[in-house]
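Residue numbers (the working numbering): 64 to 228. The beta-carbon is built from N, C-alpha and C at its ideal position, and this holds for glycine as well. Note that the coordinates shown come from a computational prediction; the quantities given were computed from them, not determined experimentally. Reviewing the structure listed below.
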């Protein structure tokens, strides 16, 4: 894939800015958005960078989960050791002891829990799909309106490409 220097400079500037859109970056984005070819290259490059960063995030989340699981294992094992030995676990610097905490509720079979102990969560949210259908059908909806919207489509300019040989 072809990537222009202008595109690379902008993507690098965005990465180095750590999320801040500086006036210089905004100027670069405006320049790129005025050229279909530069804009397409930039958007494609951004897709690649986002996919790469997403994979890094996934790897980091996996490592965090592994470390948290190891923490839980060690804590659980320390608790078991203290309980079986009947005394605190002491080292030269640190000491672990069990402190009485509030009892923890353990649900063995949720289906057998009496309805008195069930609660219902009610979520109130705007049904944009229904509002859209009503507005399209001429039903007025107070507090809402339809607004013309456009999605950006990118395609190869075959008219110009077939002329170039």
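Same chain, Cβ closer than 7 Å to residue i, five either side skipped, listed in chain order
i, result
"residue 64", "No answer about residue 64 holds up, because its pLDDT of 47 lies below 50 and its placement is not dependable."
"residue 103", "217"
"residue 142", "161"
"residue 77", "88"
Identified DSSP bridge partners for residue i
i, result
"residue 152", "159"
Where residue i sits in the DSSP three-state scheme
i, result
"residue 74", "helix"
"residue 207", "coil"
"residue 165", "coil"
"residue 217", "coil"
Short Cβ contact (9 Å threshold) for residue i with residue j
i, j, result
"residue 105", "residue 79", "no"
"residue 219", "residue 204", "no"
"residue 151", "residue 161", "yes"
"residue 129", "residue 95", "no"
Residue i at chain C interface by Cβ criterion, 9 Å
i, result
"residue 128", "Here there is only one protein chain, and chain C is not present."
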